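In the order they appear, the protein sequences are chains F and G. So the mapping is simple: this note's numbering equals the position in the first sequence, first residue as 1, plus 256. So the mapping is simple: this note's numbering equals the position in the second sequence, first residue as 1, plus 424. Backbone N, C-alpha and C fix where the C-beta goes; we use that ideal spot for every residue, glycine too. Source: prediction; values computed, not measured.
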Amino acid sequence: MLFNSLHFLVFFPAVVGLYFGLPPRWRELLLLLASYYFYMSWRAAYALLLLATTLLDYYSGYRMSQLPSKRARRPYLYLSLASNLGTLFIFKYFNFFRAAAGQLASGLHLPAAALPAFGLLLPVGVSFYTFQSVGYIIDVYQGRLEAERNFGRFALFVAFFPQLVAGPIERGGHMLPQFRRTHELDYARVVSGLRLMAWGLFKKVVVADRLALLANPVFNNPRQHPEGPLLVLAALAFTFQIYGDFSGYTDLARGAARVLGFDFNLNFRQPYLSASVPEFWRRWHISLSSWFRDYLYIPLGGSRVGPARAYGNLLAVFLISGLWHGANWTFLAWGGLHGLYLVISTWARPGRERLAQLIGLAAHPRLRRGLGMMVTFILVAYAWIFFRANTLSDAVFITEHLLSGWSSLTGRQLGILLLDFSQHYRPELALAAFSVFTMLLVEYLGRHRSPQAWVAAQPFAVRWSGYVGLTLLILYLGIFNSTSFIYFQF
Amino acid sequence: MDKSAVSRLLGRLLLLASAVLVGALALGPVVLKGRVDAFYGRFISPPAGSLILGTSRAAQGIQPAVLTAQLGQTWAGPLLNYAFTLTHSPYGPAYLRSIQRKLRPDVTNGLFIVAVDPWSLSLAGPEGHFPETNSFIGQLQQVSQKPNLDYLIRYQTKPLYRLLLDYATAAERLHPDGWLEVNIGTDSAQVRARTARKVQDYRRLAATHHLSAGRLAALRQTIRFLRRHGRVYLVRLPMGAPLFQLEQAYQPDFNLLMRETAATLAVPYLDYSTQPYATTDGNHLERAASRAFSQQLAADLQRL
Numbered sequence: 257m258l259f260n261s262l263h264f265l266v267f268f269p270a271v272v273g274l275y276f277g278l279p280p281r282w283r284e285l286l287l288l289l290a291s292y293y294f295y296m297s298w299r300a301a302y303a304l305l306l307l308a309t310t311l312l313d314y315y316s317g318y319r320m321s322q323l324p325s326k327r328a329r330r331p332y333l334y335l336s337l338a339s340n341l342g343t344l345f346i347f348k349y350f351n352f353f354r355a356a357a358g359q360l361a362s363g364l365h366l367p368a369a370a371l372p373a374f375g376l377l378l379p380v381g382v383s384f385y386t387f388q389s390v391g392y393i394i395d396v397y398q399g400r401l402e403a404e405r406n407f408g409r410f411a412l413f414v415a416f417f418p419q420l421v422a423g424p425i426e427r428g429g430h431m432l433p434q435f436r437r438t439h440e441l442d443y444a445r446v447v448s449g450l451r452l453m454a455w456g457l458f459k460k461v462v463v464a465d466r467l468a469l470l471a472n473p474v475f476n477n478p479r480q481h482p483e484g485p486l487l488v489l490a491a492l493a494f495t496f497q498i499y500g501d502f503s504g505y506t507d508l509a510r511g512a513a514r515v516l517g518f519d520f521n522l523n524f525r526q527p528y529l530s531a532s533v534p535e536f537w538r539r540w541h542i543s544l545s546s547w548f549r550d551y552l553y554i555p556l557g558g559s560r561v562g563p564a565r566a567y568g569n570l571l572a573v574f575l576i577s578g579l580w581h582g583a584n585w586t587f588l589a590w591g592g593l594h595g596l597y598l599v600i601s602t603w604a605r606p607g608r609e610r611l612a613q614l615i616g617l618a619a620h621p622r623l624r625r626g627l628g629m630m631v632t633f634i635l636v637a638y639a640w641i642f643f644r645a646n647t648l649s650d651a652v653f654i655t656e657h658l659l660s661g662w663s664s665l666t667g668r669q670l671g672i673l674l675l676d677f678s679q680h681y682r683p684e685l686a687l688a689a690f691s692v693f694t695m696l697l698v699e700y701l702g703r704h705r706s707p708q709a710w711v712a713a714q715p716f717a718v719r720w721s722g723y724v725g726l727t728l729l730i731l732y733l734g735i736f737n738s739t740s741f742i743y744f745q746f
Numbered sequence: 425m426d427k428s429a430v431s432r433l434l435g436r437l438l439l440l441a442s443a444v445l446v447g448a449l450a451l452g453p454v455v456l457k458g459r460v461d462a463f464y465g466r467f468i469s470p471p472a473g474s475l476i477l478g479t480s481r482a483a484q485g486i487q488p489a490v491l492t493a494q495l496g497q498t499w500a501g502p503l504l505n506y507a508f509t510l511t512h513s514p515y516g517p518a519y520l521r522s523i524q525r526k527l528r529p530d531v532t533n534g535l536f537i538v539a540v541d542p543w544s545l546s547l548a549g550p551e552g553h554f555p556e557t558n559s560f561i562g563q564l565q566q567v568s569q570k571p572n573l574d575y576l577i578r579y580q581t582k583p584l585y586r587l588l589l590d591y592a593t594a595a596e597r598l599h600p601d602g603w604l605e606v607n608i609g610t611d612s613a614q615v616r617a618r619t620a621r622k623v624q625d626y627r628r629l630a631a632t633h634h635l636s637a638g639r640l641a642a643l644r645q646t647i648r649f650l651r652r653h654g655r656v657y658l659v660r661l662p663m664g665a666p667l668f669q670l671e672q673a674y675q676p677d678f679n680l681l682m683r684e685t686a687a688t689l690a691v692p693y694l695d696y697s698t699q700p701y702a703t704t705d706g707n708h709l710e711r712a713a714s715r716a717f718s719q720q721l722a723a724d725l726q727r728l
């Protein structure tokens, strides 16, 4: 069930109505049943997999809470890690590593092991709920979190429908206390949640899905579009598409949770306004990057080790992060590229400072930040090419042709391409530009003051005219026939 | 539960819903007149007594109103242009089922114009797998329902503003009788540019497609089915010279094949492929040409 579907339009109000209408003791059960129903609307059988890993994690956590030492708790940690990461490996990575091993064996002229391919579909959201469960188990193992005794509540923590399939990846310490509280219907909170949902829907169906019309034909067949200007246009379109898509989904998830009385952590903080790649990763998909920081990077030694080891840690974390997104060389390359950006950024920091002093840029912090934002944006947008390309060879082809054809930028090629696009989707190009501009403007204005707070402070007539306007914009400009959210595949 | 909060919330949401509903009323004429897209109108018209079949070439190229005006109502009405596009309505089991749903079962004196070209009988993949099965042609059970909510919910793909814009500009207008009127620029430079693109598209098709035994069998089956309900005419529509040359290169014996098929099934075959009618893109007849061609077709049908 997609957040932008008719199915959800019926499901969500029904759940909200029942939730606040039922006595508090039944509400957790209702949310759990609703969450499983939500999940089963994709493929009912996979709910069994979710239930099985939930049972194992609950058992491991419960057993660990009864044991005093880490040493005694360790077997249960391993049990849980094996079940979660094993599930992830089998469903998501087995075929990839099998194919990679086959290619390697063939390259080395070795006989390849005749392992059969795994033909099952990837369970939707498996990477998200697995990481959330793993985070919980590690927290319990480390003694940072009390294990949850109530199985229903724990199952709800894993399967809570607003964040089940694409995050944000929440922590037990943040969510479990919220499940224990009784939430009463709070008018201001519900309105604030609905506002966030409407904004998320705008970003998804007006911005992201419109940009997909431009990006998809090029990325799905780059060899038919070898013109640099068009490739750059498609890369830019995807850069904003993925932001609109994923941050839109997150707003929908956070808004839905807020209506029900729950708070999710912020997942995006104007990432394209970052002045460096490390800053970008503090602003993009914050729940995942902080997960990797807390459960992988720091345990590996983080930056407390020697420079070479620290750089190695960074690279390893980003390669794994790339692989987390998908079992494909393109994601691995995307992760590796970001790892490389971070290594170079960290290594070159003193040199950059010296250079800034030397040329006087240090005296103009706003100009320096602006330049940093521009360079960071270009680096990030370039890396998205690897993320979006269907194959590594497509990504390489696009890279090779990015700079070609610029001499005829105003000439026939681009004219035909844009004409072709605008003939098929007449005002879509202008609408795409307008919608990206609107999204960025709101993000920009929201740097210092939350747009939510600004809207809430307006008089009734302004506020509600805005709501009607936004709803009509979504209704009339929205593209409702697209496929699911990009991050659902992970 | 705070009842005042609930009533306040419901009141405001009702207000919002009412305002949005008023805003959405602008779509009323579009939906009621069936001007949602290039297909919807054909699924809200009553079951037909006579049909024009084929792909977009026939959808734009044959005007039922002209045929009716010239031939008189000598066959079971209404005559509906039930041709869609190459993606949706190449001959195959899905299109045949859709035709069977659209045709009134009691008709015995219908007029059926079956437009053919090499592309509507071609297939890209292996035999037996017809991609249009998953489109509305294969999936839509109710093809004569007004409003057709199933179609609107599942297959209306345009953003809603486009419905209004298209309605207002009338660049593309589906008439109640199924004729798709397309009003786009027809100056020679525009037509040349569109033709060049179209030829490029069809070259790609020629490189990836093959004449399909499955589609040919479905065409024969369609003709046999229609013959039980009236007179069937197999027709090859006019097109621009570059596309005709491409079709000749792709399937040089196509006319021969159609003549044999028509002879086997005892139906006439009318070939207009080389007749000089103006097109908008080398493939589709322009509006005036479509009218002239429909008049010629009517005259030829009268003679037969």
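Item checked: Spatially closest choice to Leu529 (chain F) from F:Gln708, F:Val698, F:Ala709, by CA coordinates -> F:Val698
Check: DSSP on Asn519 (chain F), reduced to helix/strand/coil?
Finding: It should be noted that the sequence gives Asp, not Asn, for residue 519 (chain F). In the structure shown, Asp519 (chain F) sits in coil (DSSP, three-state: anything other than H, G, I, E or B).
Margin query: Measuring straight from C-alpha to C-alpha, what distance separates Leu364 (chain F) and Val272 (chain F)?
Written below: 59 Å
Next item on the list: Between the Cα of Ser291 (chain F) and those of F:Ala512, F:Asn260, F:Tyr505, F:Glu483, spot the shortest distance and give me the residue it belongs to.
Entry: F:Ala512
Notebook entry, point to check: For the beta strand (DSSP E) that Tyr693 (chain G) lies in, which residues bound it at each end?
Noted result: 693-695
Item checked: Entirely enclosed beta strand (DSSP E) segments - the region 501-525 of chain G, minimum 3 residues -> 503-505
Notebook entry, point to check: Which chain F residues are close to Ile577 (chain G), counting only those with a beta carbon under 8 Å from its beta carbon?
Noted result: Leu262
Checklist line | CB contact below 7 Å: Leu727 (chain F) versus chain G | finding: Looking at the sequence shown, residue 727 (chain F) is not Leu but Thr. With 7 Å as the cut-off, Thr727 (chain F) counts as an interface residue toward chain G.
Check: Do we get a CB-CB distance below 7 Å when we pair Thr619 (chain G) with the residues of chain F?
Finding: no
Next item on the list: State the Cα-Cα distance for the pair Ser697 (chain G) and Ser442 (chain G), rounded to the nearest angstrom.
Entry: 55 Å
Notebook entry, point to check: Excluding sequence positions up to five away, which residues of its chain have a Cβ less than 7 Å from the Cβ of Arg514 (chain F)?
Noted result: Arg445, Ser448, Gly449, Leu452
Next item on the list: Measure the CB-CB distance between Lys326 (chain F) and Ala583 (chain F) and report whether it falls below 7 Å.
Entry: no
Check: Roughly how many whole angstroms lie between the Cα atoms of Val380 (chain F) and Ile615 (chain F)?
Finding: 51 Å
Checklist line | Cα-Cα separation, Pro269 (chain F) to Leu489 (chain F) | finding: 39 Å
Margin query: Three Cβ pairs or more, each shorter than 8 Å: is that satisfied between the region 431-451 of chain G and the region 538-547 of chain G?
Written below: no
Notebook entry, point to check: For the putative contact between Phe520 (chain F) and Gln419 (chain F), defined by C-beta atoms under 8 Å, what is the C-beta separation to the nearest angstrom?
Noted result: 6 Å
Margin query: Against chain G, does Tyr275 (chain F) count as a neighbour if the rule is that its beta carbon must be under 7 Å from one of theirs?
Written below: no
Next item on the list: Look at the Cβ atom of Gly664 (chain G), then the Cβ atom of Asn505 (chain G), and state whether they are nearer than 7 Å.
Entry: no
Checklist line | Inter-stretch contact at 8 Å, needing at least 3 Cβ pairs: the region 450-469 of chain G / the region 690-704 of chain G | finding: no
Notebook entry, point to check: Roughly how many whole angstroms lie between the Cα atoms of Tyr591 (chain G) and Gly517 (chain F)?
Noted result: 44 Å
Next item on the list: Go ahead and pull the three-state DSSP assignment for Thr698 (chain G).
Entry: coil
Checklist line | 8 Å contact criterion, which Gly473 (chain G) and Gly501 (chain G) should meet: CB distance rounded | finding: 5 Å
Notebook entry, point to check: Using a Cβ-Cβ cut-off of 7 Å (strictly less than) and excluding sequence neighbours within five positions of Phe536 (chain F), which residues of its own chain qualify?
Noted result: Pro527, Ser530, Thr632, Val636
Next item on the list: Measure the alpha-carbon distance for Leu596 (chain F) versus Tyr551 (chain F) and round it to whole angstroms.
Entry: 21 Å
Next item on the list: Name the residue from F:Trp585, F:Leu731, F:Val599, F:Arg624 whose alpha carbon lies nearest to the alpha carbon of Ala356 (chain F).
Entry: F:Trp585
Margin query: Quick check: the Cα distance between Ala308 (chain F) and Phe345 (chain F), rounded to an integer number of angstroms?
Written below: 16 Å
Next item on the list: Let me know if Lys460 (chain F) comes out buried or exposed under the rule of 16 or more other beta-carbons within 10 Å of its beta-carbon.
Entry: buried
Check: Any idea what DSSP makes of Phe524 (chain F), helix, strand or coil?
Finding: coil
Notebook entry, point to check: Using the C-alpha atoms, what's the distance from Ile542 (chain F) back to Tyr392 (chain F)?
Noted result: 17 Å
Next item on the list: Quick one: list the residues of chain F neighbouring Ala548 (chain G), beta-carbon separation under 9 Å, in chain order.
Entry: Correct list: empty, because the minimum Cβ distance to chain F is about 15 Å.
Note to self: Taking 7 Å as the limit between beta carbons, can you name the residues of its chain near Arg644 (chain G), skipping five residues before and five after?
What the structure shows: Thr685, Leu689
Next item on the list: Please specify which runs of the alpha helix (DSSP H), each continuous and at least 4 residues long, are wholly inside the region 564-634 of chain G, giving them in chain order.
Entry: 573-579, 584-593, 612-632
Checklist line | For Ser428 (chain G), the nearest candidate out of F:Ile641, F:Leu304, F:Glu440 (CA to CA) | finding: F:Glu440
Check: Which whole-angstrom value is the C-beta distance of Val421 (chain F) and Met320 (chain F), which I expect to be below 8 Å?
Finding: Contact doesn't hold; Cβ gap of about 27 Å is too wide.
Note to self: Strictly under 7 Å for the Cβ-Cβ distance: is Val444 (chain G) near chain F by that measure?
What the structure shows: yes
Next item on the list: Could you name the residues of chain G that Asn737 (chain F) contacts, counting a contact when the two beta carbons are closer than 7 Å?
Entry: Thr581
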